[in-house]
Amino acid sequence: MSDLLLDISGLSAISLREGGNPILRDVSLSLKKGEVRGLVGESGAGKSTIAKALLGILPRTVKVTSGTMRFEGRDLLTMAPRDLSAIMGSDIALIPQDPQTALNPGRRIEAQLTDGLRLRRGMNARDAHARALQLLSEVHIRDPERVLKAYPHELSGGMRQRVMIAAAFSLEPKLVVADEPTTALDVTVQKQILRLIRGMQEAHGTAVIFVTHDLGVVAKICDSVTLLYGGKVIEAGPTADVLADPRHVYTKALIAAGPRYDRPDAGLEPVPQWVFDQLHQEIRTGAKEILHG
Amino acid sequence: MSGLVSEAPKEAAMQPAAEKPAAHRSLGRALLAEPKVVIAGGFVLLLVILALFAPYIAPKDPLEQDLMLGTLSPVGGSTYEPGYYLGTDDLGRDVLSRLIYGTRIALTVAFVAAGLAALIGTVLGLVAGWYGGWIDTVISRLVEIWMAFPPVLLSILLVAVFGSGVHSVIAAIVIIDWTRFCRVIRAETMAQARLDYVTAARTMGYPRLRILIREILPNVAPVLVALLSLEMGIAVIVEAILSFVGLSVSSDTPTWGGMIAQGRQIIYQGWWVLTFPLATLFATVLAFNLLGDGLRRALDPVLRR
Chain A
1 MSDLLLDISG
11 LSAISLREGG
21 NPILRDVSLS
31 LKKGEVRGLV
41 GESGAGKSTI
51 AKALLGILPR
61 TVKVTSGTMR
71 FEGRDLLTMA
81 PRDLSAIMGS
91 DIALIPQDPQ
101 TALNPGRRIE
111 AQLTDGLRLR
121 RGMNARDAHA
131 RALQLLSEVH
141 IRDPERVLKA
151 YPHELSGGMR
161 QRVMIAAAFS
171 LEPKLVVADE
181 PTTALDVTVQ
191 KQILRLIRGM
201 QEAHGTAVIF
211 VTHDLGVVAK
221 ICDSVTLLYG
231 GKVIEAGPTA
241 DVLADPRHVY
251 TKALIAAGPR
261 YDRPDAGLEP
271 VPQWVFDQLH
281 QEIRTGAKEI
291 LHG
Chain B
1001 MSGLVSEAPK
1011 EAAMQPAAEK
1021 PAAHRSLGRA
1031 LLAEPKVVIA
1041 GGFVLLLVIL
1051 ALFAPYIAPK
1061 DPLEQDLMLG
1071 TLSPVGGSTY
1081 EPGYYLGTDD
1091 LGRDVLSRLI
1101 YGTRIALTVA
1111 FVAAGLAALI
1121 GTVLGLVAGW
1131 YGGWIDTVIS
1141 RLVEIWMAFP
1151 PVLLSILLVA
1161 VFGSGVHSVI
1171 AAIVIIDWTR
1181 FCRVIRAETM
1191 AQARLDYVTA
1201 ARTMGYPRLR
1211 ILIREILPNV
1221 APVLVALLSL
1231 EMGIAVIVEA
1241 ILSFVGLSVS
1251 SDTPTWGGMI
1261 AQGRQIIYQG
1271 WWVLTFPLAT
1281 LFATVLAFNL
1291 LGDGLRRALD
1301 PVLRR
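Line by line, the protein sequences are chains A and B.
Mapping the first sequence onto the working numbering, position 67 (from 1) lands on 67, and the numbers just tick up by one.
With the second sequence counted from 1, adding 1000 to any position gets you the working numbering.
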């Protein structure tokens, strides 16, 4: 158990805005050091809520009702704010969804990239500058000196996301939460960014929680996957097992619904209604999720 | 999986040239590239020089009366007297010299009053917009109550209470117009606070006050500068209104408002006594407004191209 980094167990949350509607129902998931876990589900499945809870940025309208979220054995949910802010950014970092808005438009890249190094690692300006340059070349940015002097709007979407990745890994965190990091990007850039995240993750031995709604992305870069629906874990296990041998009808239907690039004329196969009916039935009765091996 | 890493440099080399950051312009060059800043800023600079060196620039003593030289017309008029370029008023005082000396009061009020109002309003607006909760409720209600008072009447009332003088005029403008800054800065702060970069800063575990000052304030600054410049124009007008009704500085100090009031009475004998200060006032307010707009564009890193 010593290599267990994150252990979420029995996590339930409700939305205060929608009259106490459950958002998360008894979610359990664990993450080993250096593991990449995909968190998959459609909109409203609760994947972003889990990510936000991990980062301590849950909106005020969401309330956690039960469960624990142990990071290296310490429960993030009951931790003192001071201890929590010592972990955030330092041990747990975020790669945001939209690099367009996640960078401060009014500050140069250098200031934003070196903030953490100077504030949290006590580096002086010159060391932080050198480290920032090194980080930028690590995420394959050409001419890093110039990028450091640039404002965010002067960079393309792909460049901005590279900067965000550099920032996320800058403090050598143990866990990086990637919140749909490729949805705001061009399809052509998406693949590069996925490879980059995987490459950085392997080089630094960082665990990653990869929030996405794209099973194709999961197949590419995740070691294991947790599939959510309506705030409930539907299926979980190693990626290869889940994709090759889905146990739940919803997983099967989702895999079948993916576009087939080898047969473009085959059309798309939507998830049939009876699958959703069964899902809602299971959520009501509280059936257990299916775990692979 | 190590293949991905070794493959990466090739991929980097394939990045299109468009991903290079655009050539960067310094702040100074961005300011000079904005015609509004150059023209309006130049005019304001001219006013500042006139105000600072009024005794050396003004051709005559602005207070010297000579009833023999009353209501002389400006250059080109029938009763033009050499040396009195813009004519004289009914007491024989040189209009040009009085205009130049009037710049001193106008600019003092513009800079000091607008600056103080901006300082108070910005601090309260940032705090209200960022911390929210009861602080926001208290400040917002205060602003609403404040804004229910008609501003000109309130300023006349305040000056009447404080007694006349530059200090009273400045105090009146600050007391009335801080709400203008407070409201706008609060709204802008709240808008910025919702953006992802603020959330990103929070996930980095930075202290709240630091996020407010280092992350949000720079993005509020362009709005603040535009508002400040606008407020300077407003302060000049308010000062003119108060001296028009005789509530500003004592009547022996030349002010544009005082000149307009005086010129109004003798408009049929000498139109120039009213027209020149009015035109100067108009140009000054226009310049401040244009300058604000130009600065906002030049300072905003997104608009700056």
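Note that the Cβ used here is the ideal one computed from N, Cα and C, for glycine as well.
Note that the structure is predicted; figures quoted are calculated from it, not measured.
Cβ shell of Leu1295/B (< 7 Å), same chain only, five flanking positions each side left out: Val1037, Val1225, Ala1226, Ser1229
beta-carbon Ala1240/B near the ligand ZN non-hydrogen atom, thresh 7 Å: Here there are no bound small molecules, and the ligand ZN is not part of this structure.
Compute the Euclidean distance between the alpha carbons of Thr1070/B and Leu1091/B, then round it to the nearest angstrom. With the sequence shown as reference, residue 1070/B is identified as Gly, and Thr is not the correct amino acid for it. When rounded, the distance between both Cα atoms is 5 Å.
Check whether chain A comes within 8 Å of Pro1254/B, counting only Cβ atoms and requiring the distance to be less than that. no
So, Ala178/A versus Ile95/A, is the Cβ gap smaller than 8 Å? yes
Quick check for students: name the residue ranges of the beta strand (DSSP E) that lie wholly in the stretch 200–285 of chain A, counting only runs of 3 or more. The qualifying runs are 207–212, 224–229, 232–238.
Please list the residues of the stretch 214–241 of chain A that have a C-beta atom closer than 7 Å to any C-beta atom in chain B, keeping them in chain order. none
Can you tell me whether Pro1167/B is buried or exposed? The criterion is at least 16 other CB atoms within 10 Å of its CB, across all chains shown. The question names Pro, but residue 1167/B is His in the sequence shown. Exposed, since its Cβ has fewer than 16 Cβ neighbours within 10 Å.
At what residues does the alpha helix (DSSP H) containing Pro1055/B begin and finish? 1054–1057
Going by Cα to Cα distance, which pick from Arg107/A, Ser224/A, Lys63/A, Pro99/A is closest to Met164/A? Measuring C-alpha to C-alpha distances from Met164/A to each of Arg107/A, Ser224/A, Lys63/A, Pro99/A identifies Pro99/A as the nearest.
Buried or exposed for Leu1046/B, going by 16 or more other Cβ atoms inside 10 Å? exposed
Assuming the contact rule is C-beta atoms closer than 8 Å, Val1095/B and Leu1107/B should be a hit. Round their C-beta distance to whole Å, please. Not confirmed; about 19 Å, so no contact.
Would Leu1027/B count as contacting chain A if we go by Cβ distances under 8 Å? no
Assigned secondary structure, Phe71/A (DSSP; H/G/I helix, E/B strand, else coil): strand
Partners in chain B for Asn21/A, counting only beta-carbon separations shorter than 7 Å: What Asn21/A touches in chain B: nothing, since even the nearest Cβ is about 23 Å away.
8 Å Cβ cutoff, Asp1196/B in contact with chain A: yes
Compare the Cα-Cα distances from Asn104/A to each of Arg160/A, Arg74/A, Thr285/A and report the closest residue. Arg160/A
Run through the stretch 1203–1248 of chain B for me and flag every whole alpha helix (DSSP H) of 4 or more residues, listed as ranges in chain order. 1217–1244
Thr1122/B at chain A interface by Cβ criterion, 8 Å: Look at Thr1122/B: its C-beta is not under 8 Å from any C-beta on chain A.
Does any residue of chain B bring its CB to less than 8 Å from the CB of Leu133/A? no
For Ser90/A, three-class secondary structure by DSSP: Coil at Ser90/A, not helix or strand.
Any idea what DSSP makes of Arg37/A, helix, strand or coil? In the structure shown, the three-state DSSP call for Arg37/A is strand.
With a Cβ-Cβ cutoff of 8 Å, do Arg118/A and Ser90/A count as a contact? no
Run down chain B in chain order and give the residues with a C-beta less than 8 Å from the C-beta of Ala86/A. Gly1205
Check the Cβ-Cβ distances between Asp98/A and every residue of chain B, and say whether any is below 8 Å. Taking CB atoms only, Asp98/A has a neighbour in chain B less than 8 Å away.
Rounded to a whole number of angstroms, what is the C-alpha to C-alpha distance between Ser9/A and Ser224/A? 17 Å
Inter-residue CB distance, Leu16/A and Lys52/A (contact presumed, cutoff 8 Å): At roughly 15 Å, the Cβ-Cβ gap does not stay under 8 Å, so Leu16/A and Lys52/A are not in contact.
Are the stretch 1127–1144 of chain B and the stretch 1170–1186 of chain B in contact at 8 Å, needing three or more beta carbon pairs? The stretch 1127–1144 of chain B, when compared against the stretch 1170–1186 of chain B, does touch it at the 8 Å Cβ threshold.
Rounded distance between the beta-carbons of Pro1222/B and Asp1300/B, thought under 8 Å: 4 Å
Note down the Cα distance separating Glu1011/B from Leu1119/B, rounded to an integer number of angstroms. Residue placement at Glu1011/B cannot be trusted, given a pLDDT of 40 that sits under 50; the coordinates are not used to answer.
What did DSSP end up calling Leu31/A once you bin it into helix, strand or coil? Strand at Leu31/A.
Helix, strand or coil: which one does DSSP assign to Thr78/A? coil
What's the gap between the Cα of Ser48/A and the Cα of Thr68/A? 17 Å
Select from the stretch 1226–1242 of chain B all residues with a C-beta closer than 7 Å to any C-beta belonging to chain A, and list them in chain order. none
Between the alpha carbons of Ala1023/B and Asp26/A, how many angstroms are there, rounded? With a pLDDT of only 43 at Ala1023/B, under 50, the local geometry of the prediction cannot be trusted, and the value read off the model is given with reservation. One C-alpha to the other measures close to 53 Å.
Top-ranked residue by Cα proximity to Ala1235/B, from Leu1154/B, Ala1117/B, Asp1252/B, Met1204/B: Ala1117/B
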